[in-house]
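Engineer:
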Amino acid sequence: MPNATVFAAELAWPDYDARVRDGAVPILLPIGSMEQHGHHMPMHVDVLLPVEFSRRVAEQVGALVAPPFTYGYKSHQKSGGGNHLPGTTSLDGATLVAALRDVIKEFARHGVRRICLMNGHFENSWFIVEGIDLALRELRWDGIAEMKIVVLSYWDFVDPATIERLYPDGFTGWALEHGGVLETSLMLALHPHLVALERAVDHPPAVFPPYDVYPPRPDWTPPSGTLSSPRQASKEKGEILLEVCTTGIVQALCTEFPAAAHT
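The numbering of the sequence shown is numbering that gives the first Met the number 0, which starts it at 0 and goes up by one.
1. So, are the CB atoms of Gly130 and Ile162 less than 8 Å apart?
2. So what does DSSP say about Asn123, is it helix, strand or coil?
3. Three or more beta-carbon pairs under 8 Å between the segment 94-102 and the segment 10-21, yes or no?
4. Three or more beta-carbon pairs under 8 Å between the segment 141-155 and the segment 108-121, yes or no?
5. Report all residues from its chain with a CB closer than 7 Å to the CB of Val44; omit the five preceding and five following residues, and keep chain order.
6. Use the C-beta contact count for Pro29: other C-beta atoms within 10 angstroms, 16 or more gives buried, fewer gives exposed.
7. Could you have a look at Ser233 and say whether DSSP puts it in helix, strand or coil?
8. How would you label Val212, buried or exposed, when you count the other beta carbons within 10 angstroms and need 16 or more for buried?
9. Helix, strand or coil for Lys147, going by three-state DSSP, please let me know.
10. Sort Leu241, Thr4, Ala107, Ser78 by Cα distance to Arg20 and report the nearest one.
11. With a 10 Å radius around its C-beta and 16 neighbouring C-beta atoms as the bar for buried, classify Ala57 as buried or exposed.
12. In whole angstroms, what separates the C-alpha of Ile239 from that of Ile248?
13. Taking the CB atoms as reference points, tell me whether Phe170 and Lys77 lie closer together than 8 Å.
14. Kindly provide the ranges of any alpha helix (DSSP H) runs that are 4 or more residues long and lie completely inside the segment 35-61, ordered along the chain.
15. Please list, in chain order, all residues of the same chain as Ala265 whose beta carbon is under 6 Å from its beta carbon, the five residues on each side excluded.
16. What residue does the alpha helix (DSSP H) around Leu196 start on, and which one ends it?
17. If you draw a straight line from the alpha carbon of Pro269 to that of Leu241, how long is it in whole angstroms?
18. Who are the Cβ neighbours of Gly86 in its own chain at under 8 Å, not counting the five residues just before and after it?
19. Kindly identify the DSSP beta-bridge partner or partners of Cys115.
20. Is DSSP giving Thr254 helix, strand or coil here?
21. Which residue from Phe121, Trp219, Pro203 puts its Cα closest to that of Tyr210?
22. Would Thr246 and Phe52 be called neighbours here (beta carbons separated by less than 8 Å)?
23. Shorter than 7 Å, the distance from the beta carbon of Ser152 to the closest heavy atom of the ligand NAP, or not?
24. Leaving out the 5 sequence neighbours to the left and right, which residues in its chain are closer than 8 Å to Val243 when beta-carbon positions are compared?
25. Which residues in the same chain as Pro67 place their Cβ atom closer than 6 Å to its Cβ, once the five residues preceding and following it in sequence are excluded?
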């Protein structure tokens with residue numbers, strides 16, 4: 000069946016047009032980055048994970064998944080190891096904002112009126128908001144005022160009970176989870192062939208002073224590029240995270256997009 004896919008770019012244009020032109024079908028837009036994730040994982044983790052969450056959610060709420068943003072804003076030292084590390088390939092904030100603004104406006108031109116931006120890279124957050132704000136402002140100038148956009152990061156749906164279950168020895172916070180248990184577990188559950196856990200570097204969580212320095216000081220970042228140890232990651236933990244986050248995101252979108260319903 001030509002319409003069996005949830006990926007918008009896999010549809011022929013008449014089929015896509017028929018799905019979105021009346022504004023009822025939400026578009027899910029994954030936003031990631033190309034960023035180092037230690038010695039044990041590839042550099043497109045922040046793309047693979049939001050794309051997969053988008054796919055799973057789209058199947059339940061009747062949405063379409065747009066092609067992802069594969070480059071994101073610059074890696075911060077205290078949350079991604081830093082933009083100085085080899086392989087990390089980033090956009091200036093203004094570039095990301097402008098691209099997001101343009102894509103949102105294009106979807107609105109197609110007839111889309113409900114969009115969810117599925118973030119997979121912590122540092123993208125404020126630039127996503129700016130891109131949305133500019134797009135909505137310009138769309139209002141064109142007489143389009145009925146747009147609704149939801150922004151979320153999948154890790155925000157991990158509830159305290161799940162955190163306690165996954166981190167029995169204590170949780171150091173999402174910022175230091177770069178390349179750690181969360182992302183590694185999800186990758187083990189989804190793309191185990193891309194994870195070389197035997198290459199993971201086991202080290203204590205990174206410790207940073209309560210200020211930033213620019214240019215960044217490379218000696219502040221652990222040599223591995225990860226900010227905490229991924230050694231306690233497992234496929235089983237990844238499957239728990241997949242269930243908890245997908246369920247939470249589906250509930251959020253069914254609340255914000257009332258016509259969206261479980262299938």
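Note that the Cβ used here is the ideal one computed from N, Cα and C, for glycine as well.
All of these numbers come straight from a predicted model, not from anything done at the bench.
Structural biologist: The structure says:
1. Within the sequence shown, residue 130 is the residue found at index 131, counting from 1. Within the sequence shown, residue 162 is the residue found at index 163, counting from 1. No, they are not a contact pair.
2. The residue you call residue 123 lines up with position 124 of the sequence shown. Secondary structure of Asn123 (DSSP, three-state): helix.
3. The segment 10-21 and the segment 94-102 do not touch, with fewer than three beta-carbon pairs separated by less than 8 Å.
4. At 8 Å Cβ cutoff, the stretches touch.
5. Locating residue 44 in the sequence shown gives position 45, counting from the first residue. Closer than 7 Å at the Cβ level, and outside the excluded window around Val44, lie His36, Glu182, Met186.
6. Walking along the sequence shown from the start, residue 29 turns up at place 30. Buried is the call here.
7. Taking the first residue of the sequence shown as position 1, residue 233 is located at position 234. It is coil, neither helix nor strand.
8. Residue numbering aside, residue 212 sits at position 213 when the sequence shown is read from its first letter. Around the beta carbon of Val212, fewer than 16 other beta carbons lie within 10 angstroms, which makes this residue exposed.
9. Stepping through the sequence shown from its first residue, residue 147 is reached at position 148. If DSSP states are grouped into helix, strand and coil, Lys147 belongs with the strands.
10. Position 21 of the sequence shown, counted from the start, is the residue given in the question as residue 20. Closest by alpha carbon: Ala107.
11. In the sequence shown, the residue the question calls residue 57 occupies position 58. Counting every other CB atom within 10 Å of its CB across the protein chains shown gives Ala57 a total of 16 or more, marking it as buried.
12. Indexing the sequence shown from 1 puts residue 239 at position 240. Indexing the sequence shown from 1 puts residue 248 at position 249. Distance from the CA of Ile239 to the CA of Ile248, rounded to the nearest whole angstrom, comes to 14 Å.
13. Numbered from 1 along the sequence shown, position 171 holds the residue referred to as residue 170. Numbered from 1 along the sequence shown, position 78 holds the residue referred to as residue 77. Taking 8 Å as the Cβ cut-off, Phe170 and Lys77 do not qualify as a contacting pair.
14. Listed in chain order, the complete alpha helix (DSSP H) runs (minimum 4 residues) inside the segment 35-61 are 44-60.
15. Absent from the structure is residue 265, since the part of the chain shown begins at 0 and ends at 262.
16. The residue you call residue 196 lines up with position 197 of the sequence shown. No alpha helix (DSSP H) holds Leu196; DSSP gives it neither H nor E.
17. Nothing about residue 269 can be reported from this structure: the residues present for the chain run from 0 to 262 only.
18. Here residue 86 refers to the residue found at position 87 of the sequence shown. Apart from sequence neighbours up to five positions away, the residues of its chain that approach Gly86 with a beta-carbon distance below 8 Å are Met33, Glu34, Gln35, Met42, ordered along the chain.
19. Counting from 1 along the sequence shown, the entry for residue 115 is found at position 116. Answer is Leu27, Val149, bridged to Cys115.
20. Numbered from its first residue, the sequence shown carries residue 254 at position 255. In this structure, Thr254 counts as helix in the three-state DSSP scheme.
21. Here the question's residue 210 lines up with position 211 in the sequence shown. It is Trp219 whose Cα lies nearest to the Cα of Tyr210.
22. Taking the first residue of the sequence shown as 1, we reach residue 246 at position 247. Taking the first residue of the sequence shown as 1, we reach residue 52 at position 53. Going by C-beta atoms, Thr246 is not nearer than 8 Å to Phe52.
23. Ligands in the displayed structure: none, and consequently the ligand NAP is not present.
24. By 1-based counting over the sequence shown, the position of residue 243 is 244. If we look at Val243 and ignore the five residues flanking it on each side, its Cβ neighbours are Phe156, Val157, Asp158, Thr161.
25. The residue given as residue 67 occupies position 68 in the sequence shown. Here the set comprises Pro29, Gly31, Val46, Val50.
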